[in-house]
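One line per chain: the protein sequences are A and B, in this order.
When we follow this note's numbering, the leftmost residue of the first sequence carries the number 1, and every step to the right adds one.
When we follow this note's numbering, the leftmost residue of the second sequence carries the number 393, and every step to the right adds one.
Everything on this sheet refers to the single structure shown next.
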Amino acid sequence: MKIDIIDYESCSAAGLNLKALRNSLKQYNSGLIKNNLPGSDLDTWIGLVEQVDEVNDLGRWQSRNNALAALGYEQGSLRETVTGLIKKYGAARVGLVMGSSTSSIDRTETAYTKLDQAAQLTEEFKQPLVHNPHAPSLFVAHLTGITGPSLTINTACSSSAKVFASGARWLEAGIVDAVLVGGVDTLCLSVLHGFNSLQLLSPNPCKPFDQHRDGINLGEASGFSILQRAGENINSSGICLTGYGESSDAYHMSHPHPDGLGARLSMTQALERANRHAAEIDYINLHGTSSRANDLIEGKLISELFPSSTQCSSTKAWMGHTLGAAGITEAIIAMDTLNTNIIPGSKNLDTLDEALSLSIKASDEHKVCQHVMTNSFGFGGNNCTLLFSRSE
Amino acid sequence: MQAKELKCKIAGIGAWGSYFDSWEALQQLLGGEPLPETSNKGPKPTIIPANERRRAPLPVRLAVESSWQATQSAGIEPSALTCVFVSGLGDTDLTDYMCKTLASEHKELSPTKFHNSVHNAPAGYWTISTGTMSAANSVAGYEESVSLTLLEAMIQCSTEHKPMLITFYDSPVAEVLRPILNNQETFAFSLVILPYNSETDGTTVEAQVAENDHASWPMLQSQSEYIGRLYSDNPSAKVLCLAELIAKSSGEQSVVMPLSKGSTMTITCT
Numbered sequence: 001m002k003i004d005i006i007d008y009e010s011c012s013a014a015g016l017n018l019k020a021l022r023n024s025l026k027q028y029n030s031g032l033i034k035n036n037l038p039g040s041d042l043d044t045w046i047g048l049v050e051q052v053d054e055v056n057d058l059g060r061w062q063s064r065n066n067a068l069a070a071l072g073y074e075q076g077s078l079r080e081t082v083t084g085l086i087k088k089y090g091a092a093r094v095g096l097v098m099g100s101s102t103s104s105i106d107r108t109e110t111a112y113t114k115l116d117q118a119a120q121l122t123e124e125f126k127q128p129l130v131h132n133p134h135a136p137s138l139f140v141a142h143l144t145g146i147t148g149p150s151l152t153i154n155t156a157c158s159s160s161a162k163v164f165a166s167g168a169r170w171l172e173a174g175i176v177d178a179v180l181v182g183g184v185d186t187l188c189l190s191v192l193h194g195f196n197s198l199q200l201l202s203p204n205p206c207k208p209f210d211q212h213r214d215g216i217n218l219g220e221a222s223g224f225s226i227l228q229r230a231g232e233n234i235n236s237s238g239i240c241l242t243g244y245g246e247s248s249d250a251y252h253m254s255h256p257h258p259d260g261l262g263a264r265l266s267m268t269q270a271l272e273r274a275n276r277h278a279a280e281i282d283y284i285n286l287h288g289t290s291s292r293a294n295d296l297i298e299g300k301l302i303s304e305l306f307p308s309s310t311q312c313s314s315t316k317a318w319m320g321h322t323l324g325a326a327g328i329t330e331a332i333i334a335m336d337t338l339n340t341n342i343i344p345g346s347k348n349l350d351t352l353d354e355a356l357s358l359s360i361k362a363s364d365e366h367k368v369c370q371h372v373m374t375n376s377f378g379f380g381g382n383n384c385t386l387l388f389s390r391s392e
Numbered sequence: 393m394q395a396k397e398l399k400c401k402i403a404g405i406g407a408w409g410s411y412f413d414s415w416e417a418l419q420q421l422l423g424g425e426p427l428p429e430t431s432n433k434g435p436k437p438t439i440i441p442a443n444e445r446r447r448a449p450l451p452v453r454l455a456v457e458s459s460w461q462a463t464q465s466a467g468i469e470p471s472a473l474t475c476v477f478v479s480g481l482g483d484t485d486l487t488d489y490m491c492k493t494l495a496s497e498h499k500e501l502s503p504t505k506f507h508n509s510v511h512n513a514p515a516g517y518w519t520i521s522t523g524t525m526s527a528a529n530s531v532a533g534y535e536e537s538v539s540l541t542l543l544e545a546m547i548q549c550s551t552e553h554k555p556m557l558i559t560f561y562d563s564p565v566a567e568v569l570r571p572i573l574n575n576q577e578t579f580a581f582s583l584v585i586l587p588y589n590s591e592t593d594g595t596t597v598e599a600q601v602a603e604n605d606h607a608s609w610p611m612l613q614s615q616s617e618y619i620g621r622l623y624s625d626n627p628s629a630k631v632l633c634l635a636e637l638i639a640k641s642s643g644e645q646s647v648v649m650p651l652s653k654g655s656t657m658t659i660t661c662t
């Protein structure tokens with residue numbers, strides 16, 4: 001399998017675009033701040049994208065989630081690249097796969113705070129195309145002019161990793177000539193108070209894989225990547241998607257499998273699909289949420305499957321756990337190491353969990369990588385691993 | 393590049409709604425039989441362990457019941473199947489619960505209701521109940537949920553040569569959201585599909601995507617008011633246009649479904 005990555009961009013608290021993200025990673029500037037989300041007094045830290053508030057002209061499409069998607073799409077050369085592909089192949093030959101966990105529930109939350117006296121939705125919030133789980137793709141299709149198949153994947157925190165797998169399959173099947181894949185999730189009360197109910201939020205900046213980690217920080221992000229069959233576009237980024245793995249834990253709705261069996265499957269599938277050995281993987285961007293359970297299970301699994309030459313890090317201390325957008329945010333961080341030759345460190349790691357032994361450190365490292373991976377695990381025991389390689 | 397042939401075989405079917413509790417019962421309604429006098433209360437799939445089943449929301453029970461029927465009729469171990477679950481509207485009862493709670497002074501959410509609120513809860517319960525460790529996708533496509541999901545699953549079945557379970561489900565919409573998402577009907581439908589070269593007798597389905605910007609869902613042959621309401625209001629019940637073809641199974645027949653703003657998908661059954 002070989003799919004070319006033509007273009008990619010990321011928008012999060014760690015940077016409005018890829019350029020700003022690279023800078024934040026280099027300077028060790030985290031985007032996390034004390035929770036100040038209106039209506040929420042929870043003692044935790046969040047990765048808020050302040051510029052989202054300025055996107056308020058979406059009319060019947062207005063929601064925080066759509067605003068973040070629109071803001072993300074304006075970054076870098078995305079619009080130019082997509083417009084060029086539509087011109088070349090026709091709008092119906094370009095596909096769209098978006099991943100999200102909240103879709104636009106932020107808007108539904110707001111609508112419920114403004115119901116009329118008869119407890120009915122007020123006119124401003126009668127937005128059928130926004131209050132449904134497919135909202136991210138409906139909106140991005142509208143925004144981009146893409147008229148080919150447009151699907152939304154909602155598998156919680158693996159959503160926007162799985163978009164790469166579906167996009168790759170669509171290209172291999174030949175139903176489209178290019179696919180815009182993306183992910184978007186926004187901070188809202190549902191996720192903050194939901195994760196709080198599961199006692200997973202940390203009152204401190206998160207410390208993935210640290211002995212003293214005490215929970216996760218939530219964030220918001222959008223990210224996009226453009227995929228084509230290998231060799232069909234000379235303006236490729238020089239990076240290929242060479243493997244993916246998708247699996248289920250079959251264990252519990254909100255706890256990972258204690259032995260990481262599902263995660264093991266998704267990683268080994270990705271290696272097999274790419275025809276690579278574990279020792280060939282230079283870097284893994286871990287799911288690394290900073291929860292006690294995830295990091296212990298994922299960390300143990302990594303040291304079982306990979307040699308110490310495989311460098312690892314979790315980058316969640318830069319922008320928080322961006323849920324349905326985490327897959328693509330971290331896929332972009334992983335693939336971008338093939339361009340920057342810098343492996344980001346695992347920010348806020350002071351003392352590695354005593355039960356773990358893996359190649360992970362707080363500082364970044366200069367290394368010319370050939371093959372990199374990223375893990376994303378979601379509620380419902382939904383796992384996805386992606387493998388990216390330098391074009392030969 | 394020309395699209396590859398997307399051809400699969402249907403090995404099993406499951407169905408559940410307020411007036412049918414199996415594919416056989418749905419076929420009778422499609423064939424013109426009158427509605428039963430009483431409606432079903434809600435499925436209680438025994439495959440979900442009893443303590444979990446009590447707390448499982450309706451969309452979960454619908455999807456699991458229908459999926460179980462399809463795997464039983466296919467005679468295939470559920471864990472051997474890769475899954476795609478779809479709902480056009482999601483669990484609006486839980487959306488309603490969360491938004492009402494969060495709009496109130498005390499914003500404490502039930503942890504169980506929160507983790508059940510993810511769109512992939514039915515896929516999660518299914519994989520947990522059946523010990524399925526293969527991929528379980530959970531997607532949404534609003535009015536095009538059925539065509540997009542058939543395409544996604546048929547591509548996966550053809551390109552990765554995997555036997556697949558496809559489950560479509562949508563339940564009645566919570567009151568506050570009814571003015572904009574007008575579905576009052578309960579519906580679930582499942583297909584087990586196998587790669588075309590599998591040794592099985594089932595109906596062959598072939599999908600072809602074409603550019604077309606003026607498509608709407610085709611008329612059903614059924615004259616039933618109930619079936620008509622399901623088809624128009626419940627996004628997952630759009631699969632009834634395919635169900636009618638499968639039920640007739642006489643020679644080669646096609647149905648054209650809207651897929652996106654600029655494309656359609658023709659499904660041909662033989």
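All C-beta atoms in this analysis are idealised placements derived from N, C-alpha and C, irrespective of residue type, glycine included.
Using a Cβ-Cβ cut-off of 9 Å, glutamine 645 of chain B does not count as an interface residue toward chain A, since no Cβ of chain A sits closer than that to its own. Annotation for glutamate 603 of chain B: the continuous beta strand (DSSP E) segment containing it runs 596 to 603.
Non-local beta-carbon contacts of glutamine 62 of chain A in its own chain, meaning distances under 8 Å to residues more than five positions away in sequence, involve Asn56, Arg107, Gln127, Val130 in chain order. Below 8 Å, enough C-beta pairs join the region 277 to 287 of chain A and the region 367 to 387 of chain A to call them touching: three or more. With the rule of 3 Cβ pairs closer than 8 Å, the region 226 to 245 of chain A counts as touching the region 329 to 339 of chain A.
Per DSSP, reduced to three states, the secondary structure at serine 646 of chain B is strand. In terms of Cβ geometry, leucine 349 of chain A and lysine 207 of chain A form a close pair [threshold 9 Å]. Looking from the CA of isoleucine 216 of chain A, the closest CA among A/Leu25, A/Trp318, A/Leu85, A/Ile146 belongs to A/Trp318. Residue-level contact check: histidine 212 of chain A does not touch chain B, since none of the beta carbons of chain B fall below 9 Å from its beta carbon.
Leaving aside the five residues that flank leucine 356 of chain A on each side, the residues in its chain whose CB is nearer than 6 Å to its CB run, in chain order, Gly299. Within the DSSP secondary-structure output, tyrosine 561 of chain B pairs in a beta bridge with B/Ala580. Under the Cβ distance rule, isoleucine 439 of chain B does not count among the residues neighbouring chain A, no pair being separated by less than 9 Å. In this structure the region 254 to 270 of chain A lies against the region 288 to 308 of chain A, because at least three pairs of beta carbons, one per stretch, are closer than 8 Å.
For the set A/Phe125, A/Leu358, A/Ser158, A/Thr147, the Cα lying nearest the Cα of tyrosine 89 of chain A is the one of A/Thr147.
The beta carbon of isoleucine 297 of chain A sits no closer than 9 Å to any beta carbon of chain B.
In terms of Cβ geometry, serine 550 of chain B and lysine 399 of chain B form a close pair [threshold 9 Å]. Judged by their CB atoms, isoleucine 439 of chain B and tryptophan 460 of chain B are nearer to each other than the 9 Å cut-off.
Around the Cβ of serine 309 of chain A, a 10 Å sphere holds fewer than 16 other Cβ atoms; the residue is exposed. The residues Cys240, Thr242, His371, in chain order, have a CB closer than 6 Å to that of serine 389 of chain A in the same chain once the five nearest residues on each side in sequence are set aside.
When CB distances to chain B are screened at a threshold of 8 Å, the residues of the region 67 to 97 of chain A falling below it are Gly90, Ala91, Ala92, Arg93, in chain order. Inter-segment contact for the region 183 to 194 of chain A and the region 98 to 113 of chain A is present: three or more beta-carbon pairs are separated by less than 8 Å. The beta carbon of tyrosine 588 of chain B does not come within 9 Å of any beta carbon belonging to chain A, so the residue lies off that interface. Between serine 652 of chain B and glutamate 536 of chain B, the beta carbon gap of about 6 Å places them in contact (Cβ cut-off 8 Å). Per DSSP, reduced to three states, the secondary structure at tryptophan 408 of chain B is strand. Annotation: phenylalanine 581 of chain B has no Cβ neighbours in chain A at a cutoff of 7 Å; minimum Cβ distance is about 18 Å. The three-state reading of DSSP puts cysteine 188 of chain A in coil, since its state is none of H, G, I, E or B. Under the three-state reduction of DSSP, isoleucine 86 of chain A is assigned to helix. Within chain A, the residues Ala92, Thr147 have their CB atoms less than 8 Å from the CB of aspartate 605 of chain B, given in chain order. Rounded to the nearest whole angstrom, the CA to CA distance from glycine 406 of chain B to valine 478 of chain B is 15 Å. Exclusion of the five residues before and after leucine 573 of chain B leaves Leu481, Thr484, Val565 as the residues of its chain whose Cβ lies within less than 8 Å of its Cβ. Taking 9 Å as the cut-off, the Cβ atoms of leucine 486 of chain B and asparagine 508 of chain B count as close.
Contact of threonine 559 of chain B with chain A is not assigned, every C-beta pair being separated by 9 Å or more. Taking the C-beta atoms as reference points, serine 521 of chain B is found nearer than 9 Å to valine 456 of chain B.
For the 9 Å CB-CB criterion, proline 344 of chain A and threonine 385 of chain A do not form a contact. Below the 9 Å Cβ cutoff, chain A contributes no neighbours of lysine 399 of chain B, its closest Cβ being approximately 12 Å away. Residue state for threonine 44 of chain A is assigned as coil, using DSSP reduced to three classes.
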